[in-house]
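Chains as they are written, first to last, in the working numbering: chain A, 13 to 407; chain B, 13 to 407; chain C, 242 to 379; chain D, 242 to 379.
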Amino acid sequence: MYKKYFEYFKNNKNIYLDSASTSQKPYEVIESVNEYYKKYCSNTHRSNFGNANRATTEFEDTRKTVKEFINARDTKEIIFTKSVSESLNFIASSFVKDRFDTVIISSLEHHSNIVPWHMQGRSLHNGLEVVDCDEQQTFDIEHFERLLQENKNAFVSITHVSNAFGKIHPIKNIIQLAHKYGAFVMIDGAQSLAHFPVDVQDLDVDFYAISAHKTYGPTGVGVIYIKKERLDDVKPYQVGGATIKDVTYDRSILLDSPFKYEAGTQNIAGVIGFASALKFINKMKYENLMTYETNIYEYLYEKLNEINGIILYTDSINCIGSLSFNIQGLSADDIGILLDKMDISIRCGHHCAQPIMKKLGINGTARVGVSMYNNEEDIDKFIKSLNRAIVILED
Amino acid sequence: MYKKYFEYFKNNKNIYLDSASTSQKPYEVIESVNEYYKKYCSNTHRSNFGNANRATTEFEDTRKTVKEFINARDTKEIIFTKSVSESLNFIASSFVKDRFDTVIISSLEHHSNIVPWHMQGRSLHNGLEVVDCDEQQTFDIEHFERLLQENKNAFVSITHVSNAFGKIHPIKNIIQLAHKYGAFVMIDGAQSLAHFPVDVQDLDVDFYAISAHKTYGPTGVGVIYIKKERLDDVKPYQVGGATIKDVTYDRSILLDSPFKYEAGTQNIAGVIGFASALKFINKMKYENLMTYETNIYEYLYEKLNEINGIILYTDSINCIGSLSFNIQGLSADDIGILLDKMDISIRCGHHCAQPIMKKLGINGTARVGVSMYNNEEDIDKFIKSLNRAIVILED
Amino acid sequence: MGEIEKRIDAIKEDFELFDDEIEKYEYIVDIGRSLEPLDESEKIDKYLIEGCTSNVWLICEKRDGKLYFKTDSNTVIVRGLAAILVKIFSNLSAKEIRDFDFSLLDKLGFSEIITPTRQNGLKSMITKIVESAQGENA
Amino acid sequence: MGEIEKRIDAIKEDFELFDDEIEKYEYIVDIGRSLEPLDESEKIDKYLIEGCTSNVWLICEKRDGKLYFKTDSNTVIVRGLAAILVKIFSNLSAKEIRDFDFSLLDKLGFSEIITPTRQNGLKSMITKIVESAQGENA
Ligand SMILES: Cc1ncc(COP(=O)(O)O)c(C=O)c1O
Ligand SMILES: Cc1ncc(COP(=O)(O)O)c(C=O)c1O
């Protein structure tokens, strides 16, 4: 039903079930990238001729589009980066470092929300605390509150949706609780916007990281939303061209946000393409997508659940997008290789989330990532192929 | 003659003379970006199915292409970033900071090679030294040597070609001299590869920053070449997904270069497109481009020189790409606005190089940036329009 | 239609008489030239709005409950455009300015005003006009 | 054509008998299954090559001036592919291995060997084979 909006499926017969890694791009996204390159390619924010003005306008219109999309109050709060990884590293180094004694993360974090803290010399119980989860990978909110009580000067950095398990964290509660104890909160939203709306004002979140390439947009574009009240305390991360009001050899006077955070030529084509991705979602309407995707996800869950020897790590409630599994006695890698030969694209491995894999005592999982363009037929073919792979791999 | 390789000129009648800001992209560059999005869009280095393998292979092939293009010894030495600004900020923060007492730059640096040093608390004669230049903006190599003698523990960071004036620095001599005094050297190559070949082994440079978008490639892609011998001392800059071999909550073990420096999903489409840009240059051949561009540059220089009241800031020798000028009594901004209305695209302003502008006692210049796709007809139209603008602006 | 929009439309009509962009800008150059310059003593930091390379000075005065603006610039086209803006927003109550939908300025079609470049002196000038009006109660 | 390339061609011919990719991999699974496992005492860190999730162990032994390799893996397909690699490179002099153009391995067409993913156990295994040969004089 939604496949027709994506040229990829015209050119491929494979069943793409790896959207949690990156999503396919609708026609209009690719088109707007092309239009920039073919019709008005120029640098932004510097030159003042016609096409450069157009490029600047389209670029800044994307900022407005993002602002409205996540209901920010001001375009100043929208800063473009190259990825969620950069967004998280940016805030870790320009805001959290040397300011907070403790960083609190969940058990389901992606390495991008773990390793930056290690690089600051933090380790478990030594500047870094991890909130427990139960056997369904559900966030232990009581443990979280205890951690907030025990760690007075804490920063909270938590993923909205687990990329490995699709588990949705109750971030509104998390943020409220954190604020009650005076802690600021960053949310890793890499896996959110492709599936459901985010309202940063309603959430009252301090920092929210967004990925374009996982949200039907181009590669090489991320966003970090920074709540207005935090802006003064966030140092510039990279500096140089177009971040500057006045430079002598003795000192630099920086521009205001967002410009002071966006050094050098940006990924202009990518940013402009991202606006088209968000407009595409608006056209499809989240309410439709959410109903549709929830049904597919439930369908997939049920079908997988019927398989002999299946190991699932969550229930299907409060999950979206990603579903991880293993088959008793088999290696996920082997399953992935055989599925690939049957034209089914899933991802097998630790999904950049080794700590939770270690806690579960496994090397990794096979992960199915479903998106709007997947349908029941995709799931049926996947299940059939999976069964065939199991037969081949079982003695 | 070369215009036909660029779709932009099929869609535009303007005379594009702003290639020092960003260059137009040849058909094949846009095509390879499209091909990735339309035919094998997937994440790299993670998933193992067919299209993901293809994306990874194309991505790593780009690394090989860059390696060969600049004659690096090892693909490990080629690290992708998002821009020259990021490349310079990366090395400033991951290698230079806390290691060197002094950073030596030239008088013609772009803000991207000034502001990062300010952010480290350096200012003129206080951790930062600036090499003089003469009235033709020629690098004062004797002053440079004195600075090296006076500053024992120095790092040298110098632009290869001035973006404001097109002046080519004698970087081979600079590097040799620096090494003689035990100093490492970073070269800002933003304005080089579009115009002439670079051989990092012949130069014996330690760090060399490259821009894709100024080299006929996509936006959002840069490279930092790091000489093998320096790799062990360069700390990771951003960390997270795919930089990691093993993560527990207590520590992370990083992969080897280049992966440990490339956190998160890269600008896959952009990187792949960059390979096509370099292959395009190979097809056109540098020797042809250099002859052709030198002629155009000379032609432009002569024609400008004939204009009454013209102020030029360099001779035409050892210059490439950019040419800056002013007209006595007129503002560069006004000239730029009027030229724009006559469909001539140049850039007016300080070109992110305020210190040299201040030294010259000006607010900015009008800058013409010529590239392979400009011809004498472009120059003639530009000169004609410039003359008309002057008439309008002069009382 | 409010007073400000009326003024904008009138200016727009004036400019529609020209067939091509260049003539339009010749006219703006003329406006810029004929604008009475600020006294050097008025060109002080307090009134300065820094653009990338063009500077604009803006002075706001209040008389009889109305706001009046005076401007100058170091470059003639910006001077002309600034003069046009000052004409549009002078001799109005602060409330009239506050209530105005500034996106209507785009009607004039001057890319120098419309484009959101990072350091656009004219855009900053408009911001200053808004702020002047917001600082007033009436 | 060198000995190694001959071996590669022979294996390639074997695999050309299969019409489809899946049968090929069924065969690789069989090879993986029939490979004699390493003794647990040999599965030590010294011989371990870490992939993303699949681990490979590789032991190099020298007898009568020739190199012999033994391998094992925790996943059966990687085990099969590793077994094929070991068959190709065992019972050769170090020089034969050193002189070999490793890009010829791509002829086999196994994407698991060809793709330059960041943590590819099989690719690392090949690197280890090269290093073993480089460590030898003969
Ligand atoms: C000499 C020089 N250095 C650095 C830069 C910054 O490059 P980017 O904007 O791609 O980060 C530029 C671009 O204008 C440049 O010309
Ligand atoms: C939850 C989560 N956080 C962070 C990231 C990193 O995003 P990127 O690779 O775009 O930097 C990902 C992507 O896999 C993710 O799923």
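Every residue gets a Cβ at the ideal spot worked out from N, C-alpha and C, and that includes glycine.
Asked, Found
"Interfacial residues, the stretch 350-370 of chain C to chain A, with Cβ spacing under 8 Å", "Ser352, Glu353, Ile355, Thr356, Pro357, Thr358, Arg359, Gln360"
"Chain B residues whose Cβ lies nearer than 9 Å to that of Gly361/A", "Arg58, Ser59, Asn60"
"First and last residue of the uninterrupted alpha helix (DSSP H) at Met366/C", "362-375"
"Thr326/A - DSSP class collapsed to helix/strand/coil", "coil"
"Ordered list of beta strand (DSSP E) runs contained in the stretch 32-113 of chain B, each at least 3 residues", "90-93"
"Distance, Asp390/A Cα to Gly348/A Cα", "16 Å"
"Residues sharing a beta bridge with Gly139/B, DSSP", "Ser135/B"
"Proximity to Pro269/C [Cα-Cα], best of Ser365/C, Asp340/C, Glu372/C, Leu349/C", "With the sequence shown as reference, residue 269/C is identified as Ile, and Pro is not the correct amino acid for it. Cα-wise, what sits closest to Ile269/C is Leu349/C."
"8 Å Cβ cutoff, Glu281/D in contact with chain A", "no"
"Cβ-heavy atom distance, Gln149/A to ligand 2, below 7 Å", "no"
"Candidates Ile91/B, Asp268/B, Ile116/B, Arg85/B: closest to Asn138/B by CA position", "Ile116/B"
"Which listed residue (Val142/A, Glu388/A, Glu274/A, Val235/A) has its alpha carbon closest to that of Asp262/B", "Val142/A"
"Chain-ordered neighbours of Thr294/D on chain A, where CB pairs are closer than 8 Å", "Ser343, Ala344, Asp345, Cys360, Gly361, His362, Asn375, Gly376"
"Nearest candidate by alpha-carbon position, reference Ile404/B, set Pro357/C, Arg339/C, Asp271/C, Phe259/C", "Asp271/C"
"Which residues DSSP lists as bridging Asn338/B, in chain order", "Ile323/B"
"Residue closest to Leu140/B, alpha-carbon to alpha-carbon, out of His130/B, Met198/B, Pro209/B", "His130/B"
"Within chain B, partners of Cys53/A - CB distance below 8 Å", "Tyr20, Thr34, Gln36, Lys37"
"Cα-Cα separation, Phe351/C to Ser344/C", "12 Å"
"Reduced DSSP secondary structure (H/G/I, E/B, other) of Asp244/B", "coil"
"Inter-residue CB distance, Thr356/D and Thr68/B (contact presumed, cutoff 8 Å)", "5 Å"
"Reduced DSSP category for Thr260/A - H, G, I as helix; E, B as strand; rest coil", "coil"
"Heavy atom of ligand 1 within 7 Å of Asn279/A beta-carbon", "no"
"Sequence-distant residues of its chain with Cβ nearer than 8 Å to Thr231/A (five each side left out)", "Thr34, Ala224, His225, Gly282"
"Bridge partner(s) assigned by DSSP for Leu299/C", "Thr312/C"
"Own chain residues within Cβ distance below 7 Å of Leu351/A, not counting five before or after", "Ile358, Ser397, Leu398, Ala401"
"Lys259/C burial status per 10 Å Cβ neighbour count (16 or more: buried)", "In the sequence as displayed, the identity of residue 259/C is Phe instead of Lys. When all chains shown are included, Phe259/C counts as exposed."
"Distance cut-off 7 Å: Ser364/A Cβ against heavy atoms of ligand 2", "Before going on, a small fix: residue 364/A reads as Cys here, not Ser. Yes, Cβ of Cys364/A sits closer than 7 Å to a heavy atom of ligand 2."
"Proximal residues to Phe271/A (C-beta, below 7 Å), its chain only, five neighbours per side dropped", "Ala254, Thr255"
"Min CB distance Lys257/B to chain D below 8 Å", "yes"
"Any 3 or more C-beta pairs closer than 8 Å across the stretch 240-249 of chain B and the stretch 77-96 of chain A", "no"
"Local Cβ density within 10 Å of Asp345/B, reported as buried at 16 or more and exposed below that", "buried"
"Inter-residue Cα distance where the pair is Ser105/B and Ile199/B", "16 Å"
"Segments assigned alpha helix (DSSP H), at least 4 residues, entirely inside the stretch 124-190 of chain B", "127-131, 153-162"
"Test: Thr312/C CB closer than 8 Å to a CB of chain B", "no"
"Rounded straight-line distance, which links the Cα of Asp286/D to that of Lys328/D", "23 Å"
"Any chain A beta carbon closer than 8 Å to Glu291/C", "yes"
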